[in-house]
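S.K.:
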Amino acid sequence: MNILMILTPKSEVIYLSTKMRVRDAMEVLKKARFNSVPLLDESGHYVGTVTEGDILWHLDQNGYEDSLDMRLKNVKRIRDYAPVSVDEEIDELIHKALGQNFIPILDDRKYFIGIVTRKNLISTYIKKVDDNKEEVVHKNEVLDNLYKRRSIRRFKEGITIPQEIIDEIVKVSLVTPTAMNRRPHEIMLVDDPQVIKTLSELHQRGGQFEKAPYLILILNDDEKEPNAYLANSNCSALLISLLLAVESFDNLGGFWVSTRYPEYNRKMLNAVGVPERFSLYGMVAFGVKGEHKPANEPLNPEKIHRNKW
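Take the working numbering: the last position of the sequence shown gets the number 912, and nothing is skipped along the way.
1. Counting Cβ pairs closer than 8 Å, one from the stretch 897-906 and one from the stretch 829-840, do we hit at least three?
2. DSSP puts Y817 in a beta bridge; with which residues?
3. When the Cβ atoms of the stretch 722-731 are set against those of the stretch 765-780, are three or more pairs found closer than 8 Å?
4. Give me the Cα-Cα distance between E668 and D644, rounded to the nearest whole angstrom.
5. Work out the CA separation of L872 and L746 for me, nearest whole Å.
6. Tell me the start and end of each unbroken beta strand (DSSP E) in the stretch 826-894 that is at least 3 residues and wholly inside, in chain order.
7. By a C-beta neighbour count over all protein chains shown, 10 Å radius and 16 as the cutoff for buried, is A874 buried or exposed?
8. Check D824 in the structure and name its three-state DSSP category.
9. Run the proximity test for G761: is its beta-carbon closer than 7 Å to any non-hydrogen atom belonging to the ligand NAP?
10. At 3 residues or longer, what runs of the beta strand (DSSP E) sit wholly inside the stretch 611-692?
11. Is the Cβ-Cβ distance between L846 and R752 less than 8 Å?
12. Smallest Cα separation from R785: which of S620, F858, E691 and D824?
13. Is there a C-beta anywhere in chain B that falls below 8 Å from the one on R785?
14. Which two residues bound the contiguous alpha helix (DSSP H) that contains I768?
15. Can you pull the DSSP bridge partners for K812?
16. Which residue marks the beginning of the beta strand (DSSP E) containing T781, and which one marks its end?
17. Return the CA-CA distance between H788 and T781, expressed in angstroms with no decimal places.
18. Using the Cβ count rule (16 or more neighbours within 10 Å means buried), how would you classify H908?
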């Protein structure tokens, strides 16, 4: 945001001039009810800040009657508010506003053009926060990923995904919902090309993921969750969560692999040493996208029912 957007222009600012007498300045401060105002020279350049304290100190040090007709340029000022160029970023004002009621704003010729008050600055940032809240409401990245996600089956070869990204993806398995919070599922990440090739040879349609650089096996502990329906529901929730986690990174993509034949599944699990109490409920293959697909076209809304068929 530009400083001019929150500037109180010079024409609306109460300010004093160095040629003014002390008595006149006191009258201005009394009417304005401000305890500090900008001080300008005859050319319109910012000189400093005059406060009620400066005036009172001047009167005390020089005598009341003798001080009233002195010019403000001769009044000693305790502290001048630091000005900011109109070209500065608005964030620069924050640091200044911490110790100032207002920030004098100067143009490129160092002429005083107005002020930004601390009140206006705070109001602007409150509005910015509120606008961000609105943005959160209207821009939903989870829904965006759901709508645009497509199955990606071709991947770029020879590109290793950074470990911190892999960690973020697989950590999803630790937070997905399960029936009665029993958390019976576990996963196995496979990134060894030879192991992936072995699994593809044991799967009924392993050719589809043979060249995938990464493969995640979704497993159910049958002792913790013996109910096949609940196990399937748990692992289905995990599967879509993993796909969305992959999709959340712009250049990554993947697809889910069906594991509906127990006899093939057991052979694959034996090949990677998975204990007998675990069953395979699906796999996710992923990597750096080697193809790009447009988002799905809107589907038939008549399939969505409400309250009755």
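Note that the Cβ used here is the ideal one computed from N, Cα and C, for glycine as well.
M.R.: In brief:
1. Touching, no, given that fewer than three Cβ pairs across the two stretches are closer than 8 Å.
2. Per DSSP, the beta-bridge partners of Y817 are F889.
3. Taking 8 Å as the limit for Cβ pairs, the verdict is that the stretch 765-780 does not touch the stretch 722-731.
4. About 25 Å.
5. Their Cα atoms are separated by approximately 34 Å.
6. Whole beta strand (DSSP E) segments, 3+ residues: 855-860 and 881-891.
7. A874 is exposed by the Cβ-count criterion.
8. DSSP places D824 in strand when its eight states are reduced to three.
9. As presented, the structure is devoid of all ligands, the ligand NAP included, so that no description of it is given.
10. Secondary structure in the stretch 611-692: the beta strand (DSSP E) runs of 3 residues or longer, each lying completely within the stretch, are 639-643 and 649-654 in chain order.
11. Against a cut-off of 8 Å, the Cβ pair of R752 and L846 comes out as a contact.
12. Distances from the alpha-carbon of R785 to those of S620, F858, E691 and D824 put D824 closest.
13. Protein chain content of the structure displayed is limited to a single chain, and chain B is not contained in it.
14. Its alpha helix (DSSP H) spans residues Q766 to V773.
15. According to the sequence provided, residue 812 is Phe. The question's Lys does not apply to it. DSSP output for F812 lists no bridge partner at all.
16. T781 -> no beta strand (DSSP E), and no H or E assigned at all.
17. T781 has its alpha-carbon roughly 8 Å from the corresponding atom of H788.
18. So H908 counts as exposed.
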